[in-house]
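Using my numbering, read the sequence shown as starting at 22 and increasing by one per residue. Some notes on the structure that comes next.
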Amino acid sequence: MSAEIHFVAGFSWHDFVPEKLEYYGKINFMKAGIVFADMVTTVSPTYAKMISSLHSEGRGLEGILAKRASEGKLIGILNGIDYSEWNPETDVFIKANFNEKTLENKKLCKEDLQQVCSFEQKDVPLYGMVSRLDPLKGVDLIVQVLPKFLSEHDVQVVILGKGYKNLQQQLENIQKQFPTKFKLFIEFNNPLAHKIYAGSDFFLMPSNSEPCGLGQMIAITYATAPIVYKTGGLADTVEQFNISTLTGNGFVFEDYTAESFYKCLLSTIGVYKDKDLLTQLRKNMFKYDFSWKSSANKYLSMYSQLTGIQLRVKKTKSKIKKK
């Protein structure tokens with residue numbers, strides 16, 4: 022906004038300096054909020070680092086964000102997911118409920134998803150995606166590698182979402198080329214989303230920018246290994262599965278290129294074919310807790326530090342209560 026606006030907002034010319042409100046000769050109220058806030062929060066630790074160091078993520082505010090970070094006034098706290106809605110043990114939309122002890126029921130969910138997609142019910146890797154069809158979500162990479170992936174390997178892929186028309190059209194063309202191996206649902210469909218999370222073996226989420234992300238957390242909760250680009254909250258929640266140490270909960274590629282993404286996809290096929298590795302990977306995923314409890318406690322700790330009042334979460338109704 023023009024510089025004169027800051028008078029209307031109650032500021033003086035003394036505030037119209039680069040260290041405060043001035044932004045390339047104009048006034049930026051987002052910058053003003055960052056400058057005068059007692060604390061600046063964002064939705065993941067890695068994203069907090071990115072917005073304070075990269076112009077592509079800070080969008081011109083990385084300088085002031087870096088200053089707040091150096092003062093200890095910029096913090097990233099992961100979002101959580103609602104386990105009352107996203108829980109394979111209680112989900113009413115999936116064919117069979119399951120947990121770590123009843124993992125065999127996930128196969129029933131996969132067979133149900135294959136039927137919904139009109140896929141042949143056979144033992145091949147099934148990749149799912151629930152997303153806005155947007156380059157930011159990595160759909161540009163998917164349309165580049167999907168034809169080759171489908172033509173060279175015995176796999177099945179289902180994508181649910183809406184978005185950019187050109188990406189939708191490219192995916193529709195791929196579906197016409199591989200009707201028995203790729204299914205596209207251009208819609209918002211919550212029950213189907215649950216089926217995809219539960220019935221897929223792997224979850225496609227190659228976002229090139231993802232401040233936090235919920236899809237990868239939900240997928241892990243359903244023992245569906247996410248395939249992600251190392252950025253933002255994806256870097257904080259998805260750990261590369263290591264076939265030597267048998268640790269990790271998904272698959273990560275670090276170069277945002279079609280080649281790197283494709284290599285990552287190929288590595289999942291090897292794990293899928295080794296049923297012992299696949300079972301271990303799925304068991305690993307059940308060890309992760311992405312509930313709001315941990316995140317809420319971190320927010321309360323921050324608020325307690327700022328206010329000098331010790332706060333805690335009341336267990337019965339999850340309301341903030343002074344101690």
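Built from N, CA and C at the ideal position, the CB exists for glycine as well.
Assuming residue i contacts residue j under a Cβ cut-off of 8 Å, what Cβ separation, rounded to an integer in Å, is found between them?
| i | j | result |
| --- | --- | --- |
| residue 77 | residue 87 | Actually they do not touch by this definition, with Cβ atoms about 14 Å apart. |
| residue 111 | residue 256 | Not really, about 30 Å apart at Cβ, beyond 8 Å. |
| residue 99 | residue 233 | 6 Å |
| residue 154 | residue 217 | That pair is no contact at about 15 Å. |
| residue 224 | residue 149 | 6 Å |
What do you get for residue i, buried or exposed, if any count of 16 or more other CB atoms within 10 angstroms of its CB means buried?
| i | result |
| --- | --- |
| residue 163 | buried |
| residue 270 | buried |
| residue 29 | exposed |
| residue 221 | buried |
| residue 230 | buried |
| residue 89 | buried |
| residue 107 | buried |
| residue 35 | exposed |
| residue 306 | buried |
| residue 38 | exposed |
| residue 330 | exposed |
| residue 235 | buried |
| residue 161 | buried |
For a quick check, are the C-beta atoms of residue i and residue j less than 8 Å apart?
| i | j | result |
| --- | --- | --- |
| residue 226 | residue 311 | no |
| residue 228 | residue 158 | yes |
| residue 181 | residue 145 | no |
| residue 179 | residue 138 | yes |
| residue 265 | residue 274 | no |
| residue 212 | residue 114 | yes |
| residue 147 | residue 122 | no |
Relative to the C-alpha of residue i, which candidate in the options has its C-alpha closest?
| i | options | result |
| --- | --- | --- |
| residue 243 | 102, 51, 45, 42 | 102 |
| residue 208 | 184, 69, 224 | 184 |
| residue 316 | 305, 57, 333, 328 | 333 |
| residue 50 | 70, 85, 72 | 85 |
| residue 196 | 214, 55, 130, 171 | 171 |
| residue 200 | 258, 210, 140 | 140 |
| residue 288 | 267, 262, 276, 309 | 262 |
Return no unless some Cβ of chain B is closer than 8 Å to the Cβ of residue i.
| i | result |
| --- | --- |
| residue 333 | Given the protein chain composition of this structure (a single chain), no chain B is represented. |
Original post:
Would you call the stretch 164-171 and the stretch 247-264 touching, i.e. three or more CB-CB distances under 8 Å?
Top reply: no
| said: Would you call the stretch 80-95 in contact with the stretch 49-67, where contact means no fewer than 3 C-beta pairs closer than 8 Å? | reply: yes
Touch test, the stretch 294-309 against the stretch 184-194, Cβ-Cβ under 8 Å, three pairs minimum:
no
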